[in-house]
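Presented below is the structure to which this report refers.
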Amino acid sequence: MSRSILIINGPNLNLLGTREPHIYGSTTLAEVEKAAHEQAKALGVSVLAIQSNHEGELVDAIHAACRPDLFPSAKLIPDSTASSSSPRRPVDAVIINAGAFTHTSVAIRDALNGVDVPFIEVHVSNVHAREEFRHKSFLADKAVAVICGLGTYGYTAALEYAAKHLKLREKR
Ligand code: DQA
Numbered sequence: 036m037s038r039s040i041l042i043i044n045g046p047n048l049n050l051l052g053t054r055e056p057h058i059y060g061s062t063t064l065a066e067v068e069k070a071a072h073e074q075a076k077a078l079g080v081s082v083l084a085i086q087s088n089h090e091g092e093l094v095d096a097i098h099a100a101c102r103p104d105l106f107p108s109a110k111l112i113p114d115s116t117a118s119s120s121s122p123r124r125p126v127d128a129v130i131i132n133a134g135a136f137t138h139t140s141v142a143i144r145d146a147l148n149g150v151d152v153p154f155i156e157v158h159v160s161n162v163h164a165r166e167e168f169r170h171k172s173f174l175a176d177k178a179v180a181v182i183c184g185l186g187t188y189g190y191t192a193a194l195e196y197a198a199k200h201l202k203l204r205e206k207r
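Going by our numbering, the residue at position 101 of the sequence shown is 136; the numbering climbs one at a time, nothing skipped.
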């Protein structure tokens, strides 16, 4: 059975491609998600991609995707690119760019830890080369890895690692 990976994008990441292009580049979120689906196919995993500007929606989506046994009828934020809406099996890993919530959200930290899912934190920009408030992450110490400053290639790197890591786990 193929492993599944949830890609979460938080607030303002729906503006990728037009938002501060000198910092975030010109690739849109739709392009990132399309590339992730193609990459996933090649890697033999499945991907679900969601984006929300609302903290509570992100928490609900983490619960619904990682513990469908507890929330069988919970709706995920609609996945913009996948054909199926809500996965019946729990996702095996999460790739998350929580945007500004990275620096503020105890709730998203608690949600990821509460469902005990391995996750990779991604940032398009190098947050450590920017304002000091961006240096603090509420997620980083619980993440399998943190990728920042590679532009949207960070999602590609995270997905490749997650797929390979999960395959290794599967073989054990
Ligand atoms: C970001 C960095 C955050 O500080 C910022 O609030 C974002 C995007 C990034 O991808 O570089 O919204 O997560």
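Even for Gly, the Cβ is constructed at its ideal location relative to N, Cα and C. Quantities reported herein were computed from a predicted structural model and do not represent experimental measurements.
With 16 other Cβ atoms within 10 Å as the buried cut-off, status of residue i
i	result
Ser108	exposed
Phe168	exposed
Thr137	buried
Phe105	Inspection of the sequence shows that residue 105 is occupied by Leu rather than by Phe. When all chains shown are included, Leu105 counts as exposed.
His158	buried
Ile97	buried
Ala77	exposed
Val58	Looking at the sequence itself, residue 58 is Ile, so the reference to Val does not match. It is exposed - the Cβ of Ile58 has fewer than 16 other Cβ atoms within 10 Å.
Ser61	exposed
Ala164	exposed
Coil, strand or helix - residue i by DSSP
i	result
His138	helix
Ala99	helix
Ala128	strand
Phe168	helix
His200	helix
Ala180	strand
Ala133	coil
Glu55	coil
Ile43	strand
Leu78	helix
Contact set for residue i: own chain, Cβ-Cβ below 6 Å, skip 5 residues either direction
i	result
Val67	Thr187, Tyr190
Chain-order list of residues whose beta-carbon lies under 7 Å from that of residue i (same chain, five-residue window excluded)
i	result
Asp127	Arg38, Ser39, Ile40, Leu201
Leu48	Leu64, Gln86, Asn132, Gly134
Pro122	Low local confidence applies: a pLDDT of 49 at Pro122 is under 50, so the model's placement there is unreliable, with the coordinate-based value given in what follows. So the qualifying residues of the chain are Ser39, Leu83, Ala100, Pro103.
Ala146	Val94, Ile97, His98
8 Å Cβ cutoff met for residue i and residue j
i	j	result
Gly45	Gly134	yes
Val150	Cys101	yes
Ala178	Ile143	no
Leu194	Ile130	yes
Ala70	Ile42	no
Val80	Ala198	yes
Ala175	Tyr196	no
Ile112	Glu92	yes
Same chain, Cβ closer than 8 Å to residue i, neighbours up to 5 away in sequence not counted
i	result
Asn161	Cys183, Gly184
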